[in-house]
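2 protein chains.
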Amino acid sequence: MSLSPALITETARSLLIRYGLPDVSMRRLAKELGVAPGALYYHVSSKQVLLTQVAQEILAPLRAEAADARTLMLRLRELMLPLRDSGDLLLLAYALDPRLPPAHVLPAQLRAQGWSEAEASRTTAAVMRFALGAIATEQNQRLLDAEQDTAVQNTADQNPGEAADEDPLAVEAEQIYLHGLEVLLARPSLRA
Amino acid sequence: MSLSPALITETARSLLIRYGLPDVSMRRLAKELGVAPGALYYHVSSKQVLLTQVAQEILAPLRAEAADARTLMLRLRELMLPLRDSGDLLLLAYALDPRLPPAHVLPAQLRAQGWSEAEASRTTAAVMRFALGAIATEQNQRLLDAEQDTAVQNTADQNPGEAADEDPLAVEAEQIYLHGLEVLLARPSLRA
DNA sequence: ACCTGAACACCGTTCAAGT
DNA sequence: ACCTGAACACCGTTCAAGT
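For the protein sequence lines, the chains are A and L, in the order given.
If you read the first sequence in UniProt numbering, its first letter stands for residue 1, the second for the next number, and so on.
If you read the second sequence in UniProt numbering, its first letter stands for residue 1, the second for the next number, and so on.
Given below as C-alpha cells:
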C-alpha cells in the first residue's frame, strides 16, 4: 500500500494514542510507515497542519453526539485527557478553528435555552478556553507527578509506610472542571 | 563575569521577551552567553526547571501588587500576552506550582469577600485554568494570523482595496477574557 | 506522480578531559 | 569548581535525483 494523507494522519493518531505527543515526530512517523521522512511532505504540507488534522479526527465523534453542552464538555475532557501532552495540540487546533467540536454546536444550544446571540458566543469561547486550560493543566500535572514518582521509586521501595492513596489531585481536578462548567454555563438570568 | 543561575535565567528571560519561546533554546542561550552549551548544565539541572524559574520571575511583580482578584487576573494577561508562545510555559509553571502568582493570593482574597474555603480554592483553580487557556489561545491566534499575513503579503500589495481594520479578533478576545473573569469571580451568593 | 538520499540548520543532555 | 569539546540521539524541512 502506498502513502496518502489519510494513512499518514491515521498513523500519527495511533502514535499519539500509544506514546503521546512528544513521540509524534515526522521522522518517527516516517519510520512507522517504512518510508523516508521527506516522503511525508509530498502528502502533507507541514507538521502543524497534520497535527490539527489529527485533532479534528479525534474530536470527530463529538460531531455525531446530540447531548447538552455540559455533557459535550465532559466528553471533550474524556477524549483528550488520556492522550499525553495533547493539550498543546488542542490549543493550536482551536486557535486555528474556533468551531472545533464541541464549540461547533454550543452557540446554537445556548440560544435554544434562551441566551442572546452575543451571550451564547462569548460563553462558548469562554468555556472552551477554560476546558483547554484545564485539560492542559491536568496533563502537565500527571507528567510531572510521573517524573517525580520514578525519581522517588527507590526511596519508596525502602520506605513502604504510607499507603498509596486515591490520587486526591485527580479527584480535585475533576471537581474543578465540573465547577467551572457549572458556573460558566449557568443560565444568564441567574446572574442578572 | 562568570556564569551563574541568576545570569542564565535573566538571559533566558531577555531572549523570551525579544524573540519568543521557540528561540529560547539551551544552545542559543549558551551562544548568547559566549559559552559552551554543556556549561549551562553545571548551574541548571534542565531546561524545564530553567523555564519555570523564568516564568516565576516574570510573574514576580504580581507578588507585590495589592489589587483585587479581577485586576490581578488582568495584569496576568498583560504580562504574558506579549511574550510570544509563552502560554505553554505558563501552563507548565502552573502545573508545577499551583500557587503561581496571582494564584498565591486569590484564595485569601475570595475568603475575605465571604466565600467559603472550598469555594475559594475551587474558584481560584478554575479562574487560573481559564486565564491560561485564554492566553494560550490568543497567542496562538496571533501567531497563525501572522503566518497568514506574510503568506498573503504579495496579493495584498496588488490589491489594496480593503482598509486595515481594528483587528476585531483581538478586541473580541479581550471581551471574552473579561466575561470569563466576571462570571467565574461572581459572588457565590448570586448563584445560590 | 511518488519517493529516496542526502543535506541544512537545528535540538537537549552527558561526560571525559582540561584548567 | 567551573568549563570545553565532542559526542549521542534526536528534530522539521527541502530538494535534486531517481523510478
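All C-beta atoms, glycine included, are put in the ideal place defined by N, C-alpha and C.
This structure is a prediction, so every number in the text was calculated from the model and none was measured.
Give the interface partners of residue i over in chain L, defined as CB-CB distance under 9 Å, in chain order.
i	result
Ala146 (chain A)	Result: empty, since nearest Cβ-Cβ is about 12 Å, beyond 9 Å.
Ala170 (chain A)	What Ala170 (chain A) touches in chain L: nothing, since even the nearest Cβ is about 13 Å away.
Leu60 (chain A)	Residue identity check: residue 60 (chain A) is Ala in the sequence provided, not Leu. None at all; the shortest Cβ gap to chain L is about 21 Å.
Measuring alpha carbon to alpha carbon, tell me which residue in the options is nearest residue i.
i	options	result
Leu33 (chain A)	A:Ser2, A:Glu172, A:Gln53 and A:Ser46	A:Ser2
Arg129 (chain A)	L:Leu96, L:Leu143, L:Ile176 and L:Asp145	L:Ile176
Met143 (chain L)	L:Leu81, L:Ala55 and L:Arg99	Looking at the sequence shown, residue 143 (chain L) is not Met but Leu. Measuring from the Cα of Leu143 (chain L), the nearest candidate turns out to be L:Leu81.
Glu65 (chain A)	A:His43, A:Pro102 and A:Tyr41	A:Pro102
Leu15 (chain L)	L:Ser45, L:Ala55 and L:Tyr41	L:Ala55
Ile17 (chain A)	A:Gly180, A:Glu57 and A:Gln113	A:Glu57
Leu83 (chain L)	L:Ala173, L:Leu184, L:Tyr19 and L:Ser116	L:Tyr19
Leu100 (chain A)	A:Ala112, A:Asp145 and A:Gln53	A:Gln53
His179 (chain L)	L:Leu62, L:Ala134, L:Pro37 and L:Leu40	L:Ala134
Leu110 (chain L)	L:Ala67, L:Lys47 and L:Asp145	L:Ala67
Leu79 (chain A)	A:Leu91, A:Leu62 and A:Asp88	A:Leu62
Ala89 (chain A)	A:Ala39, A:Leu50 and A:Ala69	In the sequence under discussion, the amino acid at residue 89 (chain A) is Leu, which differs from the Ala named in the question. It is A:Leu50 whose Cα lies nearest to the Cα of Leu89 (chain A).
Gly87 (chain A)	A:Ala173, A:Arg27, A:Arg13 and A:Leu132	A:Leu132
Val44 (chain A)	A:Glu117, A:Ala126, A:Ala112 and A:Met26	A:Met26
Ala60 (chain L)	L:Arg13, L:Arg28, L:Ser4 and L:Leu184	L:Arg13
Thr11 (chain A)	A:Ala170, A:Lys47 and A:Leu29	A:Leu29
Ala146 (chain L)	L:Ala170, L:Thr124, L:Ala125 and L:Gly114	L:Ala170
Val183 (chain L)	A:Trp115, A:Glu174 and A:Thr123	A:Thr123
Glu119 (chain A)	L:Ser46, L:Lys47 and L:Glu172	L:Glu172
Glu174 (chain L)	A:Pro5, A:Ala125 and A:Pro188	A:Ala125
Ala36 (chain A)	A:Ile8, A:Leu21 and A:Asp23	A:Ile8
Tyr42 (chain A)	A:Trp115, A:Asp85, A:Pro5 and A:Val24	A:Pro5
Pro113 (chain L)	L:Asp85, L:Ala39, L:Ala186 and L:Leu21	Checking the displayed sequence, the identity of residue 113 (chain L) turns out to be Gln instead of Pro. Checking every option, the nearest Cα to that of Gln113 (chain L) belongs to L:Ala186.
Gln48 (chain A)	A:Ala69, A:Leu91 and A:Pro188	A:Leu91
Ser116 (chain A)	A:Pro188, A:Ala69, A:Val127 and A:Leu21	A:Pro188
Leu21 (chain L)	L:Arg77, L:Lys31, L:Asp85 and L:Ala39	L:Asp85
Going along chain L in order, which residues have a C-beta closer than 8 Å to the C-beta of residue i?
i	result
Gly180 (chain A)	Ala126, Arg129, Phe130 and Leu184
Ile176 (chain A)	Arg122, Ala125, Ala126 and Arg129
Run down chain A in chain order and give the residues with a C-beta less than 8 Å from the C-beta of residue i.
i	result
Gly114 (chain L)	Per Cβ cutoff of 8 Å: no residues; Gly114 (chain L) is ~17 Å from chain A at best.
Gly20 (chain L)	Neighbours of Gly20 (chain L) on chain A: none; closest Cβ ~15 Å, over 8 Å.
Just the chain A side, please: which residues come within less than 7 Å of residue i by C-beta, in chain order?
i	result
Gln141 (chain L)	Ala95
So which residues on chain A does residue i lean against when the C-beta distance must stay under 9 Å?
i	result
Thr71 (chain L)	Neighbours of Thr71 (chain L) on chain A: none; closest Cβ ~19 Å, over 9 Å.
Glu64 (chain L)	First, the amino acid is wrong: residue 64 (chain L) is Ala here, not Glu. The premise fails here: Ala64 (chain L) is roughly 25 Å from chain A at the closest Cβ pair, so nothing lies under 9 Å.
For a contact defined as C-beta to C-beta under 7 Å, what are the partners of residue i on chain L?
i	result
Ala55 (chain A)	Correct list: empty, because the minimum Cβ distance to chain L is about 12 Å.
Gly38 (chain A)	Residues of chain L passing the Cβ test: none, with the nearest at roughly 22 Å.
Gln34 (chain A)	Per the sequence presented here, residue 34 (chain A) reads as Gly, with Gln not at that position. The contacting residues do not exist; Gly34 (chain A) stays about 31 Å from chain L at best.
Ala67 (chain A)	Going along chain L, no residue has its Cβ under 7 Å from Ala67 (chain A), so there is no contact; the nearest lies around 22 Å.
Length at least 4, wholly inside the region 82–120 of chain L: the alpha helix (DSSP H) runs in chain order:
Runs found: 87–96 and 106–112.
Check distances from the C-beta atoms of the region 78–107 of chain A to those of chain L and list, in chain order, the residues that come in under 8 Å.
Answer in chain order: Gly87, Asp88, Leu91, Leu92, Tyr94, Ala95 and Leu96.
Under 8 Å, with one C-beta from each stretch per pair, do the region 135–148 of chain L and the region 93–103 of chain A reach the 3-pair mark?
In the pairwise beta carbon analysis, the region 135–148 of chain L is classified as touching the region 93–103 of chain A: at least three pairs are separated by under 8 Å.
Below 8 Å, how does it come out for the region 70–88 of chain L and the region 101–111 of chain L: are there three or more Cβ pairs, yes or no?
Segments in contact, yes.
What residue ranges within the UniProt domain "HTH tetR-type" (2–62) of chain L form continuous alpha helix (DSSP H) runs of no fewer than 4 residues, ordered along the chain?
With a minimum length of 4 residues, the continuous alpha helix (DSSP H) runs that stay inside the UniProt domain "HTH tetR-type" (2–62) of chain L are 5–19, 26–33 and 47–59.
Any C-beta of chain A within less than 9 Å: which residues of the region 2–30 of chain L qualify?
Contact residues of the region 2–30 of chain L toward chain A are absent (C-beta to C-beta distance below 9 Å).
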